[in-house]
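S.K.: What follows is a single structure, and I will ask about it in a moment.
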Amino acid sequence: MQVIGIPSGSEVKHSAYIDHIRSGACRRQQEAALAVLALSAQPLTRHEIAELAGMALSGACGRVAELLDLDYVEVAGTVKPAGVRSPRSTLQLTDKGRTEAARILEELAA
Numbered sequence: 063m064q065v066i067g068i069p070s071g072s073e074v075k076h077s078a079y080i081d082h083i084r085s086g087a088c089r090r091q092q093e094a095a096l097a098v099l100a101l102s103a104q105p106l107t108r109h110e111i112a113e114l115a116g117m118a119l120s121g122a123c124g125r126v127a128e129l130l131d132l133d134y135v136e137v138a139g140t141v142k143p144a145g146v147r148s149p150r151s152t153l154q155l156t157d158k159g160r161t162e163a164a165r166i167l168e169e170l171a172a
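The numbering of the sequence shown is this note's numbering, which starts it at 63 and goes up by one.
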């Protein structure tokens, strides 16, 4: 008997991503990244965002990519931490991102 309909790895990943969006987890992670950037006095790397927001680096990278697409975040420059081979991009909020972050922080304070 031949098995039919086994999803490929990319199909499984896509399905998990859709579930992540539907559950609201993506939005919460985006909001956490925006809040961390809003509360920081300087641009942050993806590693720093992940650490400060309490999420995995892979999650932070995905949410930052989405925030870049939404024009909430922009690349501010690069840094090369000691012991790291390649430079890391630093990120900061755009005007649009600051407005959204202010809304999020206001909701959290209420």
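C-beta atoms are modelled at their ideal positions from N, C-alpha and C, and glycine is treated no differently.
Given the structure is predicted, the values throughout are model-derived calculations rather than measurements.
Assign S151 to one of three DSSP states: helix, strand, or coil.
M.R.: Here S151 sits in strand by DSSP.
S.K.: Per DSSP, which residues does E136 bridge with? Please list them.
M.R.: E136 is bridged to Q154.
S.K.: Cα-Cα, which of Q154, D131, A97 is closest to A163?
M.R.: Residue A97 is the option with its Cα nearest to A163.
S.K.: Contact check, C88 vs R108 under 8 Å by CB: the rounded distance?
M.R.: Wrong, their Cβ atoms sit about 16 Å apart, outside the cutoff.
S.K.: In chain order, what residues of the same chain have a beta carbon less than 6 Å from the beta carbon of E93, not counting five sequence neighbours either side?
M.R.: For E93, where only same-chain residues beyond five positions count, the Cβ hits under 6 Å are I166.
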